[in-house]
Every structure is written in structure tokens, then in C-alpha cells.
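Protein chains in written order, with the numbering used here: chain A, 47 to 159; chain B, 10 to 120.
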């Protein structure tokens, strides 16, 4: 079974802090994604990566950056956390050229106070 | 940009009933469509993936259909059970690298 893990289930940070969210997948997938999920807005793509050191902006990249130094690991960075970044963050991975089916991690509930 | 709509937003049914969840999308040029289940506070679990060349997929009591020309998909759940209570999300892949999600249908199955 594909396994996608995220470093924390719950996280509380203060405004202005630098925040790192880590995602690891164990199935050698090329594609990895970061989404945020908010009530009434659904899932929105922040960034995705289709290879090591490659990244593409999604629909809402402002205030975020990402890092992919190894194929299995994709990090989301909030350079200076703000209260409007309080959300559920979901990581996913998929294999291109093979159905593109997405597999999700358990999510990180981030609260910025 | 692809827009995905799910109706109804919430649904409550008695145990044992068959039900249909709807998903519509604006751009029919898609690679595939995926149905997910999400339990409260949890991540998404993949239920079914329908590729653009397919018309339906089945897994156990679940059947998903796809009509690209009309921009619609349905998820049929047979003989619903209380354990089916969750939010069901539809996601459409238009580019091969980016899914667009609906806001989901919250299903409650009453024992």
C-alpha cells in the first residue's frame, strides 16, 4: 500500500514564526502536492513538484515556499506565519503516466495565533 | 480554469437505502476523475478513479460513472451503512498534474 506521512497532525504557531511542514511518501512517486483545505472553499493547490528540485506554483502560492531535495520528501514552508494561514494542510503524491491517481497523507491542522 | 460542483452539500438517509452523489465540472477535456472519502479531521481516502476513456468503475458497493460530454459524474452507493457516513469529494484532473476539487457532499447514514 502507498503510504504518505506528514510530520505533525496538529501544530500551533505564533504569528511571524517560520513553519516547516514535512511530507514523506514511500512509493517512489514522481509527483508530490501540497493543498490547503478550508470550510466552504474545498481543497486548493499551493504547490506541486514533478521531480527532485522541481516545483510549480498552484492556485494559491502566496506566503508559501517549498523544497524537494529528495524524491520521497516534499516540504512546505511558511516564511512568516499569519493568522489567515490557519488551515488543514494536506500532502499528496502520484505517479505520472500511470493514471495520476493521488494518494493523500493524514493532514496537518495548523493554527496560527 | 476548471470548476467542480457537488450537489447536494449534505445528505441524510436511513440505513439500507441506495443513494447517488453528483459531481459536475465545466471543462470536459479531462485526464481522469477521482472520488475520495474524508472522515472528520482526517486525510482523503481514494475510492475510485475513472480515466477519461472509461465510463464507469466499480468497487464493492460503490459505482462511479463518467459522462465527459455533459461534464458529470455520479457516485452510487448501494445498501448504505452507518460506516459510510463521511464527506465525499470529487476531483477532476485537467492537466495531468493538477486536480480541481469540489467542496464535497457530507453524507449521514442513520441507523
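Each residue gets a CB set at the ideal place from its N, CA and C atoms; glycine is no exception.
The residue from B:118, B:62, B:49 with its alpha-carbon nearest to that of residue 87 of chain B is B:118. Our two residues, residue 108 of chain B and residue 157 of chain A, have alpha carbons roughly 25 Å apart in a direct line.
Secondary-structure assignment with DSSP links residue 30 of chain B through a beta bridge to B:84. DSSP, read as helix, strand or coil, puts residue 35 of chain B in coil.
Per the C-alpha coordinates, the member of A:111, A:133, A:151 positioned closest to residue 82 of chain A is A:133. Chain A places a beta carbon closer than 8 Å to that of residue 112 of chain B, counting this residue as a contact. By the neighbour-count criterion, in which a residue is buried when 16 or more other Cβ atoms sit within 10 angstroms of its Cβ, residue 74 of chain A is exposed. Pairing residue 62 of chain A with residue 126 of chain A gives a Cβ-Cβ distance under 8 Å. Across the set B:25, B:30, B:42, the C-alpha of B:30 shows the shortest separation from the C-alpha of residue 19 of chain B. For residue 78 of chain B, the number of other beta carbons within 10 angstroms of its own is below 16, and it is reported as exposed. Taken through DSSP and simplified to helix, strand or coil, residue 15 of chain B comes out as strand.
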